[in-house]
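Engineer: Take 1 as the starting number for the sequence shown in full-length UniProt numbering and just add one per residue.
We treat Cβ as the ideally placed atom computed from N, Cα and C, and that holds for glycine.
Computed from a predicted model, the values in this text were never measured in an experiment.
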Amino acid sequence: MTESNDTPTQTEAGEERQHRRIKSFVMRAGRMTEGQQKGLEQGTPLFVLPLADAPVDFDQVFGRSAPRSLEIGFGMGHSLLEMAAASPDQDFIGVEVHRPGVGALLNGVLTQGLTNLRVYDCDAIEVLNRCVADNSLDRLMLFFPDPWHKSRHHKRRIVQASFAELVRSKLKVGGVLHMATDWEPYAEYMLEVMNVAPGYRNLAEDGKCVPRPAERPITKFERRGERLGHGVWDLKFEKQS
């Protein structure tokens with residue numbers, strides 16, 4: 001995630017070299033608050049899912065069939081928690097490797113008594129490949145991923161052709177990949193990747209970015225950026241086939 005955001009980590013497919021897959025996220029231990037520690041201790045047994053070797057039956061996990069969204073790299077979890085609380089008729093799955101962020105989200109889930117949110121605390125690409133059935137998600141969200149500004153680091157960006165294809169395989173027809181970034185060159189890069197990715201339709205009327213969707217909560221970071229004149233770019237691509 002962008003270092004200026006409250007979401008310090010992200011995941012990507014990486015590259016296979018000598019049987020070791022390179023990941024783009026950086027593990028940062030961080031200092032745990034009392035609330036975050038409580039979230040991990042009390043919330044993990046209830047809401048954190050283990051990596052599986054076969055697609056998970058999320059209808060069984062949530063005890064119902066409902067529209068289902070997955071967010072990659074939820075950071076401290078503020079937006080995901082707000083979305084889950086605002087949409088009790090929908091189910092949400094969050095993926096994050098940053099332990100304080102996982103703890104913060106779980107603490108919020110416990111405090112608010114939410115039942116429509118589950119968490120993976122491991123690599124998102126592993127989760128998509130191993131745990132999520134094809135054609136099962138209504139939405140996949142990727143908000144403020146690390147843009148890896150330097151050219152030599154562009155290979156670490158999560159948004160690549162292979163990522164677009166993996167996400168498309170997991171979305172239902174009509175499902176949406178929703179991305180957001182606060183760095184315009186990365187928005188342009190995302191558009192370049194997605195415009196040639198097969199099986200998608202850009203939902204922007206001008207073929208570029210959509211207006212900020214009401215369902216994506218505004219973070220403190222985003223409000224601060226707006227006051228400073230910084231922009232945010234949202235992209236939505238619908239799976240066509």
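Ala180: buried (16+ other C-beta within 10 angstroms of its C-beta) or exposed?
Structural biologist: Answer is buried; the Cβ neighbour count reaches 16.
Engineer: Would DSSP call Asn202 helix, strand or coil?
Structural biologist: strand
Engineer: What's the call for His154, buried or exposed, on a 16-neighbour Cβ count within 10 Å?
Structural biologist: With a 10 Å radius around the Cβ and a threshold of 16 neighbouring Cβ atoms, His154 comes out exposed.
Engineer: Check whether the Cβ atoms of Ser65 and Asp59 sit closer than 8 Å, and answer yes or no.
Structural biologist: Yes, the pair counts as a contact, with Cβ atoms nearer than the cut-off.
Engineer: Nearest to Leu142 by alpha carbon, out of Met32, Ala204, Leu49 and Trp233?
Structural biologist: The candidate whose alpha carbon is nearest that of Leu142 is Trp233.
Engineer: Cutting at 6 Å between CB atoms, please list the residues of its own chain near Tyr120, excluding the five before and the five after it.
Structural biologist: Leu49, Val95 and Val127
Engineer: Within its chain, find whatever has a CB closer than 6 Å to the CB of Gly39; leave out the 5 residues flanking it on each side and keep chain order.
Structural biologist: Answer for Gly39: Gly103, Leu106 and Asn107, listed in chain order.
Engineer: Alpha carbon to alpha carbon, what distance is there between His98 and Arg68?
Structural biologist: The alpha-carbon atoms of Arg68 and His98 are separated by roughly 23 Å.
Engineer: Would you call the segment 176-196 and the segment 223-240 touching, i.e. three or more CB-CB distances under 8 Å?
Structural biologist: yes
Engineer: Which class does Ser87 belong to by DSSP, given the choice of helix, strand or coil?
Structural biologist: coil
Engineer: Among the candidates Ser241, Phe92, Lys220 and Ser151, whose CA atom is the shortest distance from the CA of Glu165?
Structural biologist: Of the candidates Ser241, Phe92, Lys220 and Ser151, the residue whose Cα lies closest to the Cα of Glu165 is Ser241.
Engineer: Using CA atoms only, rank isn't needed, just tell me which of Lys172, Arg223 and Pro185 is closest to Tyr200.
Structural biologist: Lys172
Engineer: Please identify the residue among Met83, Lys150, Glu41 and Ala214 whose C-alpha is closest to the C-alpha of Pro185.
Structural biologist: Lys150
Engineer: So, Gly101 versus Gly75, is the Cβ gap smaller than 8 Å?
Structural biologist: yes
Engineer: Between Lys170, Leu117, Val210 and Val196, which lies nearest to Ser136 when the distance is taken from Cα to Cα?
Structural biologist: Its Cα nearest to that of Ser136, the residue Lys170 stands out among Lys170, Leu117, Val210 and Val196.
Engineer: Excluding the five sequence neighbours on either side, which residues of its own chain have a C-beta within less than 8 Å of the C-beta of Ala85, listed in chain order?
Structural biologist: Gln112 and Leu114
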